[in-house]
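Chemist: Here it is: the structure, laid out below.
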Amino acid sequence: MAHQETHGFQTEVKQLLQLMIHSLYSNKEIFLRELVSNASDAADKLRFKALSNADLYEKEGDLRVRISADKDARTVSIIDNGIGMTRDEVVEHLGTIAKSGTADFFKQLSGDQASDSQLIGQFGVGFYSAFIVADKVTVKTRAAGETSDRGVQWQSEGEGSFTVEDIDRPERGTEIILHLREGEDEYLDSWKLRSIVSKYSDHISVPVQFWKDEVPESEGPDGEKIEAQPGEWEQVNRATALWTRNKSEVKEEEYQEFYKHISHDFQEPLLWSHNRVEGKHDYTSLLYIPAKAPWDLGHRETKHGLKLYVQRVFIMDDAEQFMPTYLRFVKGVLDSNDLPLNVSREILQDNAVTDAMRKACTKKVLDMLSRLAKNDDEKYQSFWGEFGNTLKEGPAEDFANKEKVAGLLRFASTHNDSSVDNVSLDAYVERMKEGQDKIYYIVADSYAAAKSSPHLEVFEKKGVEVLLMHERIDEWLMSHLTDYKEKQFQSVTRGELDLGELDNEDEKKAQEEEAKQYEGLVERVKGALGEKVKDVRITHRLTNSPACIVADEHDMSSQMIKLMQAAGQPVPEVKAIFELNPSHDIVKFVDNMQDEEAFGEWAQLLLEQATLAERGSLEDPAAFVNRLNTMLLKAAQ
Numbered sequence: 001m002a003h004q005e006t007h008g009f010q011t012e013v014k015q016l017l018q019l020m021i022h023s024l025y026s027n028k029e030i031f032l033r034e035l036v037s038n039a040s041d042a043a044d045k046l047r048f049k050a051l052s053n054a055d056l057y058e059k060e061g062d063l064r065v066r067i068s069a070d071k072d073a074r075t076v077s078i079i080d081n082g083i084g085m086t087r088d089e090v091v092e093h094l095g096t097i098a099k100s101g102t103a104d105f106f107k108q109l110s111g112d113q114a115s116d117s118q119l120i121g122q123f124g125v126g127f128y129s130a131f132i133v134a135d136k137v138t139v140k141t142r143a144a145g146e147t148s149d150r151g152v153q154w155q156s157e158g159e160g161s162f163t164v165e166d167i168d169r170p171e172r173g174t175e176i177i178l179h180l181r182e183g184e185d186e187y188l189d190s191w192k193l194r195s196i197v198s199k200y201s202d203h204i205s206v207p208v209q210f211w212k213d214e215v216p217e218s219e220g221p222d223g224e225k226i227e228a229q230p231g232e233w234e235q236v237n238r239a240t241a242l243w244t245r246n247k248s249e250v251k252e253e254e255y256q257e258f259y260k261h262i263s264h265d266f267q268e269p270l271l272w273s274h275n276r277v278e279g280k281h282d283y284t285s286l287l288y289i290p291a292k293a294p295w296d297l298g299h300r301e302t303k304h305g306l307k308l309y310v311q312r313v314f315i316m317d318d319a320e321q322f323m324p325t326y327l328r329f330v331k332g333v334l335d336s337n338d339l340p341l342n343v344s345r346e347i348l349q350d351n352a353v354t355d356a357m358r359k360a361c362t363k364k365v366l367d368m369l370s371r372l373a374k375n376d377d378e379k380y381q382s383f384w385g386e387f388g389n390t391l392k393e394g395p396a397e398d399f400a401n402k403e404k405v406a407g408l409l410r411f412a413s414t415h416n417d418s419s420v421d422n423v424s425l426d427a428y429v430e431r432m433k434e435g436q437d438k439i440y441y442i443v444a445d446s447y448a449a450a451k452s453s454p455h456l457e458v459f460e461k462k463g464v465e466v467l468l469m470h471e472r473i474d475e476w477l478m479s480h481l482t483d484y485k486e487k488q489f490q491s492v493t494r495g496e497l498d499l500g501e502l503d504n505e506d507e508k509k510a511q512e513e514e515a516k517q518y519e520g521l522v523e524r525v526k527g528a529l530g531e532k533v534k535d536v537r538i539t540h541r542l543t544n545s546p547a548c549i550v551a552d553e554h555d556m557s558s559q560m561i562k563l564m565q566a567a568g569q570p571v572p573e574v575k576a577i578f579e580l581n582p583s584h585d586i587v588k589f590v591d592n593m594q595d596e597e598a599f600g601e602w603a604q605l606l607l608e609q610a611t612l613a614e615r616g617s618l619e620d621p622a623a624f625v626n627r628l629n630t631m632l633l634k635a636a637q
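Start counting the sequence shown at 1; every next residue gets the next number (full-length UniProt numbering).
Shown next as structure tokens:
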């Protein structure tokens, strides 16, 4: 008697099935694309494993995918003679979703079918797309190299569970039988199925075949007439790896569908580049930039990379050695004639050929983005909105391309009125004032906090543009990006303000005299605040605010402290420099105070106000509120 077991689906699989059936119903024909794509992958994997064990072919080396419909039984079958699956693999692959961050993905779903369908498309539904059109799915499979009595049958109605049982299966590979739902009879039409394969899967490198039975002549992939004999299998796709074809022969639609095949994304790519390289190294690359960020882009540990082929033999998915981590959103194929067929991830890790191809592929992607930024600003801004924060990892990771990556970065700026109106560093440099030798920037918790920071006051007065950085990664980015086109970056919240030639000699002289005039005030404030600050000094960076705090030139900034605290890292004690605006009425009022106790309270209040404006929080907010209330009551009496 066959050994049968019933298993419950993983919770995430249940959620995916329920959402997918409803959200993807308007694009339901993609089920065939997904299943044919999986069948093609199974053939690729067998071809690779057979390199070291030819017996896996079982004397049948012609790999293919066959599709047939049974109108009486109302079933559609997709059959491949690829690698197949063992019983354990069936349970693992068809009952669980083995992706890191899966729970986070489901939290992003809103219940809106249109937006959820895009997210589900990014997630990659694969095999489970069968349930869009089928209310029951049967899978029969046997792993290559196993005996016929090691076949496995998987069956489910897409609810909470599935059954697995042992069967006898002479053929290796996998057969998926879709028992169609009511109302899905259009998929019993052979011409309908053929049209879907032609639309989505013409680029599949494995032959896709349909049974010919009393059907007139048809048109081949290159327009030639094919006279089909009744009762034979007919190939309906080119079965030529798309990247091996001359790019002048490949239609735009074919490139787009191939992208969807390798990425399992439902949307068309933003742009792509197809290149054949000959000479010292011999390889072909086909690289894609997606239009939308994948749901797990923020997980740096998520597998990424290119599909690697050697002499058109599939070697591995996610070959991360050919693309730096900050470009992990890039999808594509790399086919090398230089690497050995038995190449492993370990061999790739330290290999001169790998290094050369990695540099070339990285340069190609950066060049693609540079051209896009130059020729289509609107499209580039769309890219930046999806992948900008990931690209900001580049200057720290890729020293050789630091300048090129920096040229691709975009930031909000005081030049514009919106957080989404981003500017390039080139545009900033072009607008620099005469005599300005630095690129000024501020890092804050939010765009609003950056835009309203008191540190900007003198820059607004002089009409000097400041970059407004408000993403969590920005402080870390600027610790690695020190200059651009020989212009140094300068934080407006760090160190003493030196505007260089932007201040004329009369202004500098007036500032020196003012600092001497208020030396007494500075000493009194130092005495009142004691160890709470690193130093006290007169400032010329403020015009409307009474005071501010700044980080010393070589101390850790407020934003970096927050980043380390959020990551659970120990943070050394860092005291701020307290700066006073002697032109402000409150500072003048405090300077004239004779009561030292009241003077100390006001000094403390000004420090807390400045700290709140800079850091957004206080260590003891209750004490600040009590102090403020006390002073308000005194003022009201």
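Every residue gets a Cβ at the ideal spot worked out from N, C-alpha and C, and that includes glycine.
Since the structure is predicted, the reported quantities are computational estimates derived from the model, not experimental observations.
In this structure, what does DSSP give as the bridge partners for Cys361?
Modeler: Per DSSP, none; premise fails for Cys361.
Chemist: First and last residue of the alpha helix (DSSP H) that includes Trp191?
Modeler: That run of the alpha helix (DSSP H) goes 190 to 200.
Chemist: Helix, strand or coil for His7? Go by DSSP, reduced to three states.
Modeler: Reduced to three states, the DSSP call for His7 is strand.
Chemist: Measuring alpha carbon to alpha carbon, tell me which residue in Met85, Leu178, Gln153, Glu89 is nearest Phe131.
Modeler: Of the listed residues, the one whose Cα sits closest to Phe131 is Leu178.
Chemist: Is it the case that the region 230 to 239 contacts the region 200 to 211, given that we only count it when at least three CB pairs across the two stretches are under 8 Å?
Modeler: Yes, since at least three Cβ pairs between the region 200 to 211 and the region 230 to 239 fall closer than 8 Å, the two stretches touch.
Chemist: What residues in its chain sit with their C-beta under 8 Å from that of Leu497, if we drop five residues either side in the sequence?
Modeler: So the list reads Val458, Thr539, His540, Arg541, once near-sequence residues are dropped.
Chemist: Within 10 Å of its beta-carbon, does Gln559 have 16 or more other beta-carbons around it, so buried, or fewer, so exposed?
Modeler: Buried, because 16 or more other Cβ atoms sit within 10 Å of the Cβ of Gln559.
Chemist: Pull the bridge partners of Asp535 from the DSSP assignment, please.
Modeler: Answer is Ile577, bridged to Asp535.
Chemist: To the nearest angstrom, how far is the alpha carbon of His7 from that of Ser198?
Modeler: Using only the alpha carbons, I get a separation of about 37 Å.
Chemist: Would you mind working out which of Asn275, Glu320, Ser263, Gly231 sits nearest residue 653, comparing C-alpha positions?
Modeler: Residue 653 lies beyond the range of the chain shown here (1 to 637); nothing can be said about it.
Chemist: Between the beta-carbon of Ile425 and the beta-carbon of Tyr380, is there less than 7 Å?
Modeler: The displayed chain sequence assigns Leu, not Ile, to residue 425. Not a contact, by the Cβ cut-off of 7 Å.
Chemist: Kindly indicate which residue of Gln488, Tyr428, Trp476 has the alpha-carbon position closest to the one of Ala567.
Modeler: Closest option to Ala567, Cα to Cα, is Trp476.
Chemist: Does Ile561 come out as helix, strand or coil in the three-state DSSP assignment?
Modeler: Reduced to three states, the DSSP call for Ile561 is helix.
Chemist: Is the separation between the beta-carbon of Ile561 and that of Lys534 shorter than 7 Å?
Modeler: Result no, Cβ atoms of Ile561 and Lys534 do not sit closer than 7 Å.
Chemist: CA-CA distance, His3 and Pro170?
Modeler: Approximately 18 Å, taken between the alpha carbons.
Chemist: Answer with yes or no whether the minimum CB distance from Gly463 to chain C is below 7 Å.
Modeler: Looking at the structure shown, chain C is missing, and only one protein chain is on hand.
Chemist: From Trp295, Trp272, Pro294, pick the residue whose C-alpha is nearest to that of Leu286; which is it?
Modeler: Ranking Trp295, Trp272, Pro294 by Cα distance to Leu286 puts Trp272 first.
Chemist: Distance, Cα to Cα, Ala50 vs Thr174?
Modeler: Approximately 17 Å between the Cα atoms of the pair.
Chemist: Please list, in chain order, all residues of the same chain as Ala449 whose beta carbon is under 8 Å from its beta carbon, the five residues on each side excluded.
Modeler: Closer than 8 Å at the Cβ level, and outside the excluded window around Ala449, lie His470, Gly616.
Chemist: Just reading off the alpha helix (DSSP H) that Ala39 is part of, what are its end residues?
Modeler: Residues 30 to 49.
Chemist: For the alpha helix (DSSP H) containing Asp474, name the first residue and the last one.
Modeler: It spans 474 to 478 - the alpha helix (DSSP H) in which Asp474 sits, taken as one unbroken run.
Chemist: Here's the rule I'm using: 16 or more other beta-carbon atoms within 10 Å means buried, otherwise exposed. How should Trp384 be labelled?
Modeler: Trp384 is buried by the Cβ-count criterion.
Chemist: Could you round the C-beta distance between Tyr518 and Pro454 to whole angstroms and report it? I think they count as a contact, below 8 Å.
Modeler: Rounded, the Cβ-Cβ distance is 18 Å, inconsistent with contact.
Chemist: By DSSP's criteria, Thr174 is part of a beta bridge. Which residues make up the other side?
Modeler: Thr174 pairs with Asp80, Thr141.
Chemist: Pick helix, strand or coil for Leu242, following the three-state DSSP scheme.
Modeler: If DSSP states are grouped into helix, strand and coil, Leu242 belongs with the helices.
Chemist: Is any heavy atom of the ligand PLP found at a distance shorter than 6 Å from the C-beta of Leu542?
Modeler: Ligands are entirely absent from the displayed structure, and the ligand PLP is therefore not among its contents.
Chemist: With DSSP as the reference, identify every bridge partner of Ile289, one or two as the case may be.
Modeler: Paired residue(s): Leu271.
Chemist: With which residues is His179 paired in a DSSP beta bridge?
Modeler: Its beta-bridge partners are Thr75, Lys136.
Chemist: Hey, quick one: how far does the alpha helix (DSSP H) through Asp585 stretch, first residue to last?
Modeler: Note, Asp585: alpha helix (DSSP H), 585 to 591.
Chemist: So, at 6 Å on beta carbons, what are the nonlocal neighbours of Pro340 in its own chain, with the 5 sequence-adjacent residues on each side left out?
Modeler: No residues qualify anywhere along the chain.
Chemist: Identify the residues that DSSP records as bridge partners of Leu334: which are they?
Modeler: DSSP output for Leu334 lists Ser285, Leu308 as bridge partner(s).
Chemist: DSSP on Ala567, reduced to helix/strand/coil?
Modeler: Looking at Ala567 - three-state DSSP - the assignment turns out to be coil, as it is neither helix nor strand.
Chemist: Comparing C-alpha positions only, which one of Val405, Ser446, Gly394, Asn401 sits nearest to Ala412?
Modeler: Here the closest residue by C-alpha is Ser446.
Chemist: Got a sec? Which residues, its chain only, sit under 6 Å from Gly145 by beta carbon, not counting five neighbours each side?
Modeler: Within the same chain, Gly145 has close Cβ partners Leu56.
Chemist: Below 7 Å between beta carbons: does that hold for Val36 and Ser201?
Modeler: Cβ atoms of Val36 and Ser201: closer than 7 Å.
Chemist: Mapping the DSSP letters down to three states, classify Gly158 as helix, strand or coil.
Modeler: Looking at Gly158 - three-state DSSP - the assignment turns out to be coil, as it is neither helix nor strand.
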